[in-house]
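Peer 1: Protein chains in written order, with this note's numbering: chain A, 5 to 253; chain B, 653 to 1014. Quick one: the structure is below, and I'll ask about it shortly.
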């Protein structure tokens, strides 16, 4: 929106000069394309279902007597929800990898860490200081800040990959050792087991890894939305990053 | 080799009728999951092939494999297979003892070089040069290497030979080591379990005799025909699992009704074995049918997987007793408290900044 358009748009509106100046500053960058945003929210829903049902698979709800065992499928439905959400997570993750290749460069942040760049490490250190209240003012970032990127990589890229691989391996046991899925994922048991119980335990610990991510992620997203110099939460809805000031960096 | 008796000869010599012999062949075919067309082939193999000599050695073990083996359900087969094996060498079961027994083993190895099957029950401890298990005056590991050198194939009977079992459980003071980590140049077939099911043991031997090859093995080297399905997949209490009906305590009403033992730590979902189909003691029962969960005895390191009675088992890595849930909940709690504290400080700082800037303005 040019200044001339802005003047036209605001003509007649009861706006003081300060508001006008603020409106002039509201520039935005399109960061998260639609597939990334859709993936984010589907993923969030799937993870929520997976954590709740996964916990219940490890610690089933109290026994209940609704009907004959044959007609009562309570635990079966819990497991069904887990498997269905698991498949959505796995296929969604594949779609996300596809979009990392064909989407804009922000879509690649989740998968490629510029570990070889000195700037990356310096800015991680800056972010750490910001979170330790040692920096007065945060920097502006169009995409993820380096610390967020590192956390995303560890928790989501590695964490969710681990959960998908171990999850599909455990699921393939149900399909049988002669199934295609077991042929694809049976190596997990050789690598981590071979006792399948070990894989169950690691998959269970992985859930807590994801839960910890959820706590930190939601807190930091809201906090940054309030305290940083850019939009955070709304960006994952609209895709646009807006900035609260015009000062550089 | 021509003067070696066939299995059929031995059976007849033991007074077994041809009718009983054919029944044994039919039952074996059924146990191996083969079609009836294989019955004559099994019979033919038993009649014509010179019997395969088996040397059965015992390392660190409790002899429960032998105990199971001699209870193989088919009443005649057990005597036959057993006596045929004892003809060669099995220090626990054979009549000979001492020097005579050791001579019998040497003799068998010399005569059937490269043609005998070595069955190993138990495992060799390697610490202190193997001195924790002495057999015939020598460390067992030496006897194992000696017997394995000219063997055609090796059968690892039970969890001891296959994985190490209780003597290899942490901290494994004698360094008890499964057979496949000591003998690396021979085909090894693992028949784990503590003990393995009798029919599984005789079934494996019969298969190897009939087809003159090892059965198809799974990822871990266990015969796929007996170890390709979990106890859980064929458990008769499975409907209660899907319904969400569990035994909550050992003496509750649900236990009496025969509900699923999942919450009581049953390892059926992580254990590959044939117990829920073949069952034990002539098909009478198996642990879950008797009201106790599966302890997972045919899986690697089952002693080190925490309690037999917990669903989510303790993680010994954390020093104190803690399971994945306790560890996870503690970690999530710490992070949650951290987040709350951080949020409070953030709010405080923000308020501070606000008052400061308003003072500056004023």
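Quick reminder that beta carbons are idealized off the backbone N, C-alpha and C, glycines included.
Can you tell me which of 663/B, 718/B, 685/B puts its alpha carbon nearest to the alpha carbon of residue 700/B?
Peer 2: Against the second chain, residue 700/B aligns to sequence position 48. Considering only alpha carbons, the answer is 663/B.
Peer 1: What is the DSSP secondary structure of residue 778/B, counted as helix, strand or coil?
Peer 2: The sequence position of residue 778/B within the second chain is 126, counting from 1. Note: residue 778/B maps to coil in three-state DSSP.
Peer 1: With a threshold of 7 angstroms on Cβ separation, who are the neighbours of residue 108/A within its own chain once the five nearest residues in sequence on each side are excluded?
Peer 2: Looking up residue 108/A in the first chain gives position 104. If we look at residue 108/A and ignore the five residues flanking it on each side, its Cβ neighbours are 37.
Peer 1: Residue 720/B to residue 847/B, Cα distance in whole Å?
Peer 2: Reading the second chain from its first residue, position 68 is the one you call residue 720/B. Reading the second chain from its first residue, position 195 is the one you call residue 847/B. Spanning the two alpha carbons is a distance of roughly 6 angstroms.
Peer 1: Could you check what DSSP says for residue 804/B in three-state terms: helix, strand or coil?
Peer 2: As a first step, residue 804/B is located in the second chain; it is residue number 152 there, counting from the start. Residue 804/B falls in the strand class under three-state DSSP.
Peer 1: Under the assumption that residue 756/B contacts residue 741/B (Cβ atoms under 8 angstroms), give the Cβ distance between them as a whole number of angstroms.
Peer 2: Taking the second chain and counting its residues from 1, the one referred to as residue 756/B is at position 104. Taking the second chain and counting its residues from 1, the one referred to as residue 741/B is at position 89. Confirmed, Cβ separation roughly 5 angstroms.
Peer 1: Step through the CB atoms of chain A and report whether any lies within less than 7 angstroms of the CB of residue 727/B.
Peer 2: Indexing the second chain from 1 puts residue 727/B at position 75. Note that residue 727/B scores 44 on pLDDT, short of 50, meaning its location in the model is unreliable; the coordinates nonetheless yield the value given after this. By this cut-off, residue 727/B is not an interface position.
Peer 1: Give a yes or no on contact between the stretch 882-896 of chain B and the stretch 937-951 of chain B, applying the rule of three or more CB pairs nearer than 8 angstroms.
Peer 2: yes
Peer 1: Tell me, to the nearest whole angstrom, how far the beta carbon of residue 772/B is from that of residue 831/B; I am working on the premise that it is less than 8 angstroms.
Peer 2: Taking the first residue of the second chain as position 1, residue 772/B is located at position 120. Taking the first residue of the second chain as position 1, residue 831/B is located at position 179. With 8 angstroms as the limit, residue 772/B and residue 831/B qualify as a contact, their Cβ atoms being about 5 angstroms apart.
Peer 1: From which residue to which residue does the beta strand (DSSP E) around residue 722/B run?
Peer 2: Taking the second chain and counting its residues from 1, one reaches residue 722/B at position 70. Counted as a single uninterrupted DSSP element, the stretch harbouring residue 722/B is not any beta strand (DSSP E), since DSSP gives it neither H nor E.
Peer 1: Counting contacts by CB-CB distance shorter than 7 angstroms, is residue 234/A in contact with chain B?
Peer 2: Residue mapping note: residue 234/A aligns to position 230 of the first chain, counting from 1. Chain B contact via Cβ: absent.
Peer 1: Could you tell me whether the Cβ of residue 67/A comes closer than 7 angstroms to any Cβ of chain B?
Peer 2: Sequence index remark: in the first chain, residue 67/A carries index 63 (1-based). For residue 67/A, the nearest CB of chain B lies under 7 angstroms from its own CB, placing it at the interface with that chain.
Peer 1: Under three-state DSSP, which class holds residue 1010/B?
Peer 2: Walking along the second chain from the start, residue 1010/B turns up at place 358. The answer is helix: DSSP assigns residue 1010/B an H, G or I state.
Peer 1: For residue 211/A, which option in 57/A, 44/A, 20/A has the closest C-alpha, if you only look at C-alpha atoms?
Peer 2: To locate residue 211/A, count along the first chain from 1; it is residue 207. When C-alpha distances from residue 211/A are compared across 57/A, 44/A, 20/A, the shortest belongs to 57/A.
Peer 1: For residue 3/A, which residues in the same chain have their Cβ closer than 7 angstroms to its Cβ, ignoring the five residues on either side in sequence?
Peer 2: With chain A covering only 5 through 253, there is no way to say anything about residue 3/A.
Peer 1: At what residue ranges does the stretch 37-66 of chain A contain a whole run of the alpha helix (DSSP H), taking only runs of 4 or more?
Peer 2: Qualifying alpha helix (DSSP H) stretches, in chain order: 38-62.
Peer 1: As a quick exercise: from 194/A, 239/A, 129/A, pick the residue whose alpha carbon is nearest that of residue 45/A.
Peer 2: Numbered from 1 along the first chain, position 41 holds the residue referred to as residue 45/A. The candidate whose alpha carbon is nearest that of residue 45/A is 239/A.
Peer 1: For the candidate residues 722/B, 861/B, 856/B, whose alpha-carbon lies nearest to that of residue 869/B?
Peer 2: In the second chain, residue 869/B corresponds to position 217, counting from 1. Looking at the Cα atoms, 856/B is the closest of the given residues.
Peer 1: What residues from chain A crowd round residue 930/B, counting only those whose CB sits closer than 9 angstroms?
Peer 2: Working through the second chain from its first residue, we reach residue 930/B at position 278. Within 9 angstroms Cβ-Cβ: nothing; residue 930/B doesn't reach chain A, min ~18 angstroms.
Peer 1: Kindly indicate which three-state DSSP category residue 840/B falls into: helix, strand or coil?
Peer 2: In the second chain, residue 840/B corresponds to position 188, counting from 1. In the structure shown, residue 840/B sits in a strand (DSSP, three-state: E or B).
Peer 1: Along the chain, where does the beta strand (DSSP E) that runs through residue 773/B open and close?
Peer 2: Locating residue 773/B in the second chain gives position 121, counting from the first residue. In the DSSP annotation of this structure, the continuous segment of the beta strand (DSSP E) that includes residue 773/B starts and ends at 768-773.
Peer 1: Kindly indicate if chain A contains any beta-carbon less than 7 angstroms away from that of residue 775/B.
Peer 2: Working through the second chain from its first residue, we reach residue 775/B at position 123. So no, residue 775/B is outside the interface.
Peer 1: Would you mind giving the Cβ-Cβ distance between residue 40/A and residue 111/A, rounded to the nearest angstrom? I have them listed as a contact below 8 angstroms.
Peer 2: Your numbering for residue 40/A matches position 36 in the first chain. Your numbering for residue 111/A matches position 107 in the first chain. About 6 angstroms; that satisfies the 8 angstroms criterion.
Peer 1: Residues of chain B with a CB under 7 angstroms from the CB of residue 190/A: which are they?
Peer 2: Taking the first residue of the first chain as position 1, residue 190/A is located at position 186. Correct list: 871.
Peer 1: Do you know offhand how far residue 902/B's Cα is from residue 944/B's?
Peer 2: Taking the first residue of the second chain as position 1, residue 902/B is located at position 250. Taking the first residue of the second chain as position 1, residue 944/B is located at position 292. One C-alpha to the other measures close to 9 angstroms.
Peer 1: Since I believe residue 219/A is in contact with residue 987/B (beta carbons under 8 angstroms), could you give me their beta-carbon distance rounded to a whole number of angstroms?
Peer 2: Numbered from 1 along the second chain, position 335 holds the residue referred to as residue 987/B. Numbered from 1 along the first chain, position 215 holds the residue referred to as residue 219/A. Sure, about 5 angstroms apart at Cβ, within 8 angstroms.
Peer 1: On the CB-based measure, 16 or more other CB atoms within 10 Å of its CB, does residue 171/A come out buried or exposed?
Peer 2: Against the first chain, residue 171/A aligns to sequence position 167. By the neighbour-count rule (16 or more Cβ atoms within 10 Å), residue 171/A is buried.
Peer 1: Taking the alpha-carbon positions, what's the residue 776/B to residue 807/B distance?
Peer 2: Walking along the second chain from the start, residue 776/B turns up at place 124. Walking along the second chain from the start, residue 807/B turns up at place 155. C-alpha separation (whole angstroms): 15 angstroms.
Peer 1: Classify residue 880/B as helix, strand or coil using the three-state DSSP reduction.
Peer 2: As a working mapping, residue 880/B is identified with position 228 in the second chain. Note: residue 880/B maps to coil in three-state DSSP.
Peer 1: Mind pulling the alpha helix (DSSP H) runs of 4 or more residues that sit fully within the stretch 683-712 of chain B?
Peer 2: 690-700
Peer 1: Where does residue 68/A land, buried or exposed, given buried means 16+ other C-beta within 10 angstroms?
Peer 2: Mapped onto the first chain, residue 68/A falls at position 64. Answer is exposed; the Cβ neighbour count stays below 16.
Peer 1: Taking all protein chains shown into account, decide if residue 894/B is buried (16 or more other Cβ within 10 angstroms of its Cβ) or exposed.
Peer 2: Stepping through the second chain from its first residue, residue 894/B is reached at position 242. Flag for residue 894/B reads buried.
Peer 1: Return yes when the Cβ of residue 946/B is within less than 7 angstroms of the Cβ of residue 920/B, no when it is not.
Peer 2: Taking the second chain and counting its residues from 1, one reaches residue 920/B at position 268. Taking the second chain and counting its residues from 1, one reaches residue 946/B at position 294. Yes. Within cutoff.
Peer 1: Over what stretch of residues does the beta strand (DSSP E) that includes residue 937/B continue unbroken?
Peer 2: Locating residue 937/B in the second chain gives position 285, counting from the first residue. It is not in any beta strand (DSSP E) - residue 937/B carries neither H nor E in the DSSP assignment.
Peer 1: Please state whether DSSP places residue 872/B in a helix, a strand or coil.
Peer 2: Counted from its first residue, the second chain places residue 872/B at position 220. Here residue 872/B carries a coil assignment [DSSP, helix/strand/coil].
Peer 1: Counting C-beta neighbours from all protein chains within 10 Å, is the total for residue 131/A 16 or more, i.e. buried, or is it exposed?
Peer 2: Taking the first residue of the first chain as 1, we reach residue 131/A at position 127. Buried: at least 16 other Cβ atoms inside 10 Å.
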